[in-house]
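Residue numbers (the numbering used here), protein chains in the order written: chain Z, 1 to 494; chain G, 1 to 318.
Each residue gets a CB set at the ideal place from its N, CA and C atoms; glycine is no exception.
Keep in mind that this is a model prediction, so the values were computed, not measured.
Below you'll find the structure, written out as structure tokens, and then a few comments.
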Amino acid sequence: MNALVVSAIEKSFGPVDVLRGVDLEVHGSEVHAVLGENGAGKSTLMRIVLGLEHADRGTMTVGGKPYAPRNPADARRAGVVMVPQERTLCPHLDVIENIVLGIEPSGPLGVLREKDAVAVATRALALVAGEGRIPIRARAGAMSVADQQLVEIARALAQGGESARVLVLDEPTASLGKSDADRLFERVRALKESGLAVVLVTHFLGDVRDHADRYTVLRDGKVQGSGDPKTAPPEQIVHEMLGRELESVRGEADAAKGGAGYRGEAPGGGAETLLELRTVAGVAKPRAASLTLKRGEILGIAGLVGSGRTELLRAILGLDRVKSGEVVVTAPRGMGLLSEDRGGEGLMLGRSIAENIALSPRGPLFVNPSHTRADGARWISELSVRSSGPDQRVGDLSGGNQQKVQIARLLREDFDVLLVDEPTRGIDVASKAQVLDLLRELAGKGKGIILVSSQLDELVSTCDRIAVLRRGELSASRPATEWDEEKLLLEAAS
Amino acid sequence: MSALASLRTMRRPAWLGPFVALLVVYTIFAIITPEHSFLRSQIFLTMARQSVVLAICALGMTLVIVTGGIDLSTGSLVALTTVVVAKMLKGGSSPVVAVATAVAVATAVGAFVGVCVGRFRLMPFVVTLGTMAVLRGSAIGLASEQKIDCDPRGLDHLLEASLSAPGIWIALALAALVAIVLGYTRFGRHVFAVGSNEAAARLCGIDAGRVKILVYAISSLLAGIAGVMEFSTLTVGDPTDSVGLELDVIAAVVIGGAPLAGGEGSVLGSVFGALLIIVIRTGAVHMGMPSWVQYIVTGVIIFVAVAVDSARRRRTRS
Ligand SMILES: Nc1ncnc2c1ncn2[C@@H]1O[C@H](COP(=O)(O)OP(=O)(O)OP(=O)(O)O)[C@@H](O)[C@H]1O
Ligand SMILES: [Mg+2]
């Protein structure tokens with residue numbers, strides 16, 4: 001039976017038509033992947049299903065009954081729960097309090113029953129994370145992004161409880177390491193077998209092939225195709241997503257930039273050193289990191305979640321305290337960081353695209369708003385940010401397009417050294433290729449780049465050298481040609 | 001885990017700082033006053049009595065600040081309440097009816113503010129800035145620009161510097177009640193959740209608007225009760241009373257460890273904060289210090305409280 005049926009949903013924000021008659025049928029006991037470019041409207045559709053937004057037109061049913069949730073509480077009563085794309089935990093509450101939020105077990109007069117809450121929460125947590133993986137009394141705000149993601153999934157499962165029919169996961173693995181992602185999909189399979197309908201929004205086509213039973217592609221506010229990902233060739237899916245071939249997209253991007261060269265022309269031994277680390281240790285992580293970065297090269301850092309990759313970048317930049325060792329910066333135009341925490345520290349969500357891009361510690365005393373806008377418009381077209389213009393609030397952009405705005409700011413600053421933390425998180429295939437090409441091109445122009453990524457294929461194909469971070473200790477780097485994904489994974493996990 | 005280790009990793013409660021500060025300041029006054037007269041029970045009772053209005057208002061303000069809001073109308077509301085009580089008593093109403101009416105008016109005002117903030121998503125600072133002016137004006141108009149004299153008909157015994165005064169016990173009971181609501185009920189948990197991350201609260205099916213309406217209504221109800229206590233000390237309806245009281249109340253809550261950004265706060269901390277302010281004030285008067293010294297000392301305490309609190313936060317994070 002169909003668990004969730006969405007028919008002819010239309011939604012516009014002001015003049016922008018985001019959904020223009022979308023139909024979607026999700027069966028019980030199936031994992032249904034929803035695919036599409038950044039800004040295709042996937043998250044908007046899911047927010048409508050959860051009652052966080054309201055469709056302008058169209059109807060839905062859940063389990064055959066008409067379904068029109070006014071808010072997430074209605075959705076929960078009908079058995080529909082979601083893990084949204086952006087992190088939504090209460091940073092001041094602990095893990096347990098977050099998981100039972102809104103469904104707190106309570107007695108007369110609403111007095112909380114702490115024991116029951118612990119039981120509900122630990123049961124839900126056990127479904128997504130191994131024993132002791134998540135400290136249940138830690139405050140959510142003090143946890144890593146990956147751990148927060150796991151807590152959110154546990155929360156959705158707890159909220160659905162016994163009556164859950166539909167679980168929506170909006171890019172659940174975007175910030176998870178491989179082992180956490182594998183465990184999550186194991187759980188998804190078990191949930192599916194118990195009858196749940198799972199809607200999976202993701203940009204990882206490999207995950208779709210391995211774990212989804214059907215897929216639906218959204219583009220231009222309409223359904224462009226659907227089928228079985230195990231039989232549909234990936235080229236076809238990509239074509240449905242983009243409306244054109246991926247290779248031609250790459251070609252266009254190259255042509256536009258005068259054909260950036262790939263791999264090769266690694267910087268000679270004589271290239272200027274921009275940055276040197278001598279056994280740098282932070283407060284907890286990293287514990288010992290030495291590296292040199294030269295002009296024109298991309299140094300990749302591989303490592304499992306929790307190995308201290310983000311902490312390493314923060315220590316280099318001086319955002320976290322360096323306890324011992326030395327960071328020697330010889331780069332004349334300084335260093336910039338692309339944060340993995342887009343909404344938290346990477347962007348001013350309430351301000352316009354142009355203002356975000358123009359944010360800079362240098363620059364003139366007085367700003368000319370029309371220059372700022374013109375500059376914003378230029379970067380929007382340069383990185384093909386999907387938006388209604390430079391004045392749009394960054395918070396209203398889709399996740400992937402927010403990432404592009406963050407990148408644009410760094411490029412505008414023209415730093416010599418770029419510290420890039422998970423640049424392709426939440427970005428669609430075409431933009432992903434575009435961002436990586438851009439990094440290569442920048443290196444070609446003489447920048448030094450440190451690239452942290454959980455996507456090992458990305459590291460191998462983009463970097464000149466790769467070093468592996470293991471529990472806070474950085475190995476010596478080796479040329480990327482000596483690595484492949486398996487070797488990296490082995491090294492990182494050993 | 002050994003008991004010692006678990007003790008060390010335990011989060012230090014937010015009220016500990018203001019409690020220690022209170023002890024220290026009290027001890028200093030006890031030492032420097034001639035013949036340690038600050039330790040006399042009569043002074044102690046005087047301070048308890050003076051704390052009642054401030055502490056009761058701080059209870060409500062704690063709820064408001066935990067949701068990330070602010071209420072600037074407290075002082076005007078207290079003054080309006082004294083006027084309403086006096087006017088009703090003068091008109092021949094029984095004390096019970098007078099008090100009930102005044103508290104009901106205050107609660108209605110809070111519900112209105114709550115609807116503006118919770119449903120229409122207006123900024124609490126601006127809404128209550130407006131409310132503050134409107135209420136002050138209404139109080140003065142209602143009292144025809146003068147104090148209202150009346151027979152307090154027993155209400156003057158509500159709050160006295162005596163252990164048998166019901167006012168002190170009512171304040172204690174209210175503090176316990178609000179502490180329980182905030183710490184041990186679903187509603188209290190939702191108050192924290194809304195202040196910590198409103199989007200998350202909504203996603204979990206919590207009606208954030210409703211929570212805010214209730215919080216402002218409860219806060220104003222408490223301000224109404226504080227107004228009745230204030231009337232008990234004044235025994236007249238004074239429309240120009242308690243100007244700037246809201247700033248003392250906010251200071252008490254902030255000293256008590258609640259950041260204005262919301263998501264955190266404790267009733268016990270706010271009560272200690274209120275007591276601290278009163279101890280400084282009473283001590284200064286007792287020592288014959290000029291009033292400017294009190295202002296400066298109170299201000300310095302606010303700085304120190306915030307600095308100590310942020311240091312504590314940084315330590316627990318790393
Ligand atoms: N509140 C809003 N106001 C204005 N525009 C909005 C709002 N919410 C979404 N949009 C627009 O709707 C479009 C679809 O966004 P949505 O988040 O659904 O995309 P998505 O498919 O999830 O993309 P991604 O893969 O990047 O997450 C975007 O162009 C976005 O700018
Ligand atoms: Mg999205």
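Host alpha helix (DSSP H) of residue i (start-end)
i        : result
Z/Val367 : Per DSSP, Z/Val367 belongs to no alpha helix (DSSP H) and is neither H nor E.
G/Val211 : Ala208 to Leu234
G/Tyr26  : Leu16 to Ile32
G/Gln42  : Ser41 to Val66
G/Phe125 : Pro124 to Leu142
Z/Ser461 : Leu456 to Thr462
Z/His211 : Leu205 to His211
Z/Ile407 : Gly399 to Glu413
Nearest residue (CA-CA) to residue i, options the options
i        : options                                   : result
Z/Ala40  : Z/Val460, Z/Val145, Z/Val429 and Z/Val198 : Z/Val429
G/Leu159 : G/Thr46, G/Val84 and G/Leu135             : G/Thr46
G/Phe125 : G/Gly68, G/Thr240, G/Val215 and G/His157  : G/Gly68
Z/Lys222 : Z/Leu451, Z/Asp23 and Z/Glu486            : Z/Asp23
Z/Ser454 : Z/Thr88, Z/Glu272, Z/Ile96 and Z/Leu489   : Z/Leu489
G/Arg314 : Z/Pro369, Z/Arg321 and Z/Arg314           : Z/Arg321
Z/Arg278 : Z/Leu319, Z/Ser324, Z/Gly300 and Z/Ile237 : Z/Ser324
G/Ala252 : G/Pro34, G/Ile65, G/Arg189 and G/Leu39    : G/Ile65
Z/Val95  : Z/Pro135, Z/Asp228 and Z/Lys178           : Z/Pro135
Z/Gly399 : Z/Gly36, Z/Val5, Z/Val283 and Z/Trp379    : Z/Gly36
Z/Leu109 : G/Pro18, G/Leu260, G/Arg186 and G/Pro259  : G/Arg186
Z/Lys230 : Z/Asp220, Z/Gly206, Z/Val217 and Z/Leu218 : Z/Gly206
G/Gly257 : G/Val20, G/Gly269 and G/Gly263            : G/Gly269
Z/Asp220 : Z/Gln406, Z/Thr462 and Z/Thr44            : Z/Thr44
Where the beta strand (DSSP E) containing residue i begins and where it ends
i        : result
Z/Glu171 : Neither: Z/Glu171 is in no beta strand (DSSP E) and is coded neither H nor E.
Z/Thr279 : Thr273 to Gly282
Z/Gly448 : Gly448 to Val452
Z/Arg214 : Arg214 to Arg219
Same chain, Cβ closer than 7 Å to residue i, neighbours up to 5 away in sequence not counted
i        : result
G/Ala3   : The pLDDT assigned to G/Ala3 is 43, lower than 50, so where the model puts this residue is not dependable; a value taken from the coordinates is nonetheless given after this. So the list is empty, once near-sequence residues are dropped.
Z/Glu10  : Leu19, Arg20, Gly21, Ala55, Asp56, Arg57 and Gly58
Z/Gly195 : Gly28 and Ser29
G/Val25  : Leu276, Val279 and Ile280
Z/Glu104 : Leu112 and Ala117
Any non-hydrogen atom of ligand 1 within 7 Å of residue i CB
i        : result
Z/Thr44  : yes
Z/Leu397 : yes
Z/Asn38  : yes
Z/Gly58  : no
Z/Val526 : There is simply no residue 526 of chain Z to check, as chain Z begins at 1 and stops at 494 in what is shown.
Z/Ser387 : yes
Z/Gly13  : First, the residue type needs correcting, since residue 13 of chain Z is Phe and not Gly in the sequence shown. It does: the Cβ of Z/Phe13 is within 7 Å (strictly closer) of some heavy atom of ligand 1.
Z/Gly343 : no
Z/Asn356 : no
Z/Gly243 : no
Z/Gly346 : no
Z/Gly400 : yes
Contact test: residue i Cβ vs ligand 2 heavy atom, cutoff 7 Å
i        : result
Z/Asp182 : no
Z/Gln85  : yes
Z/Asp170 : yes
8 Å Cβ shell around residue i - same chain, five flanking residues per side excluded
i        : result
G/Thr128 : Ile70, Asp71, Leu72, Ser73 and Val113
Z/Ala331 : Leu274, Leu275, Phe415, Asp416, Val417 and Gly448
G/Met10  : Caution is warranted here: a pLDDT of 44 is assigned to G/Met10, below 50, making its placement in the model unreliable, and the coordinate value is therefore given only provisionally. Correct list: empty, nothing qualifies.
Distance cut-off 7 Å: residue i Cβ against heavy atoms of ligand 4
i        : result
Z/Asp428 : What this structure holds is ligand 1 and ligand 2, not ligand 4.
Other residues of its chain near residue i: CB distance less than 6 Å, five sequence neighbours each side excluded
i        : result
Z/Glu491 : Val468
G/Ile180 : none
Z/Ala476 : none
G/Ile301 : none
Chain A contact for residue i (CB, 8 Å cutoff)
i      : result
Z/Ala8 : The structure shown contains no chain A; the protein chains it does contain are Z and G.
Just by C-beta distance, which residues in the stretch 105-131 of chain Z are closer than 8 Å to chain G? Going along the stretch 105-131 of chain Z in chain order, one finds Ser106, Leu109, Gly110, Val111 and Leu112 with a Cβ nearer than 8 Å to chain G.
Can you pull out the residues from the stretch 148-166 of chain Z whose beta carbon lies closer than 8 Å to at least one beta carbon of chain G? Arg155 and Gln159
Mind listing which residues of the stretch 161-192 of chain G have their C-beta closer than 7 Å to chain Z's C-betas, in chain order? Tyr184, Thr185, Arg186, Phe187, Arg189 and Phe192
Along the stretch 196-217 of chain G, what residues have a CB closer than 8 Å to any CB found in chain Z? Ser196, Asn197, Ala199, Ala200, Ala201, Arg202, Leu203, Cys204, Gly205, Ile206 and Asp207
Interfacial residues, the stretch 248-278 of chain G to chain Z, with Cβ spacing under 9 Å: Contacts with chain Z (Cβ-Cβ distance below 9 Å) from the stretch 248-278 of chain G involve Gly262, Gly263 and Glu264, listed in chain order.
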